[in-house]
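Per the UniProt record's numbering, the very first residue in the sequence shown carries number 1; after that it's consecutive.
All C-beta atoms in this analysis are idealised placements derived from N, C-alpha and C, irrespective of residue type, glycine included.
This one's a predicted model, so the numbers in the text were calculated from it and none came from an experiment.
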Amino acid sequence: LKRTNKTPSLRNVALTAPYMHDGSFSSLRDVVEFYNQGGIKNPNLDPLIQPLGLDDSEVKQIVAFMESLTGSNVSELVEDAFSAPVGDVTSEDNELKPASVPLKADKSEVSVGGDFTLTDHHGKPFALNQLRGKVTLIFFGYTHCPDVCPTELASLARILKQLPKQEADKVQGLFITVDPERDSAELLSQYVPYFHSDLIGLTGTTEEIKSVMDAYNAYSRVDKTNRKDKLYFVDHSANLYIVDGMGALAQIVPFGFPEKHILDIVKTRIAALTNDS
């Protein structure tokens, strides 16, 4: 599977922003206002992160600019992007699918994914192979993240809560830190269960984390331009990795994909567990 992580274009941001919070925003203005006021509240919020402080005129200018990138048919464009069926995608199809469509992990080129052992938020060794027979949802992030990580974890929590207990017991969410320098097991134990008690936070040495990220074709980069000791941002990939019951990477879902579609993917994977085992 070739690396496809790229900085999204402003047009894509304009198209998907209202959907990145599961439809809680009805317009681009709502999105801009949300970040203008400081975004999602995070218990580990860096002091470097501040509200934008834009006045009404500046907000209108930003909204007008973003709308100019999408035209007047935003809802139609988004519906088209999310209407493609979710299923197996060949390596050739991967090159043609819109960014909003989950990719089926292609094992014909380079092996992506695989087993690993890290330290869970209880301070104990945790191996992916402990989850054989379950569907595993993996997200890479960090506790000081101001927006993407809490958004994704909240989304994962809602997905788990929508599953009947019998199905939820067959799914495990993992939050792997990309910031082991700050994210100790103790800090993860305070952060991850805040979103859902069944989620597991994982940390490790810098080398261990890098090894797992390389295996899953994920990336992270510390923003050194604004770094002040322990105060810094980390740019990182925000895909959701879905692992099947045999421990093989099954699908990669881009950040912002609607929860109802992710829920459908998860249910399909749960139904396939009998065949996986």
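Strand pairing of V135, partner residues [DSSP]: V171
State the CB to CB distance for the pair H236 and Y216, rounded to an integer number of angstroms; the pair is presumed to be in contact (CB under 8 Å). Rounded, the Cβ-Cβ distance is 12 Å, inconsistent with contact.
Based on DSSP bridge pairs, tell me the residues matched to residue 304. It is not possible to answer for residue 304, since the shown part of the chain is limited to 1 through 277.
Comparing C-alpha positions only, which one of T206, Q162, G133 sits nearest to I176? T206
Can you name the residues that DSSP bridges to D120? Note: D120 sits in a beta bridge opposite L202.
V178 - DSSP class collapsed to helix/strand/coil: The three-state reading of DSSP puts V178 in coil, since its state is none of H, G, I, E or B.
Three or more C-beta pairs under 8 Å: does that hold for the segment 111 to 129 against the segment 142 to 156? no
C-alpha distance - F140 paired with D56, whole-angstrom precision: 35 Å
Look at I159 and V243 and say whether their C-beta atoms are less than 8 Å apart. no
Between the alpha carbons of E259 and Q61, how many angstroms are there, rounded? E259 and Q61 have their C-alpha atoms some 30 Å from each other.
Taking DSSP as the reference, what is the three-state secondary structure of E95? Confidence in E95 is poor, its pLDDT being 36 and thus under 50, which makes the residue's placement unreliable; the coordinate value appears in the next sentence. E95 falls in the coil class under three-state DSSP.
Candidates P164, Q130, L202, of which the one nearest K267 by Cα: P164
On the criterion of 16 or more Cβ atoms from any shown chain inside 10 Å, does D88 qualify as buried, or is it exposed? Because D88 sits at a pLDDT of 35, beneath the cut-off of 50, its placement in the model cannot be relied upon, and the point is left open.
Which of the three DSSP states is assigned to R3 in this structure? Its pLDDT being 39, under 50, R3 is placed unreliably by the model, and the measurement read from it follows with that caveat. Correct three-state label for R3: coil.
In chain order, what residues of the same chain have a beta carbon less than 6 Å from the beta carbon of R29, not counting five sequence neighbours either side? Here the set comprises V63.
For the putative contact between Y191 and G204, defined by C-beta atoms under 8 Å, what is the C-beta separation to the nearest angstrom? Contact doesn't hold; Cβ gap of about 16 Å is too wide.
Please state whether DSSP places L128 in a helix, a strand or coil. helix
Looking at the structure shown, is L240 part of a helix, part of a strand, or coil, going by DSSP? strand
M213 versus S184, V178, D264, L187, residue with shortest Cα-Cα distance: V178
For F140, the residue or residues it bridges with in DSSP: I176
Buried versus exposed call for R269 [16 or more other C-beta atoms within 10 Å across all chains shown]: With at least 16 other beta carbons inside 10 angstroms of its own, R269 counts as buried.
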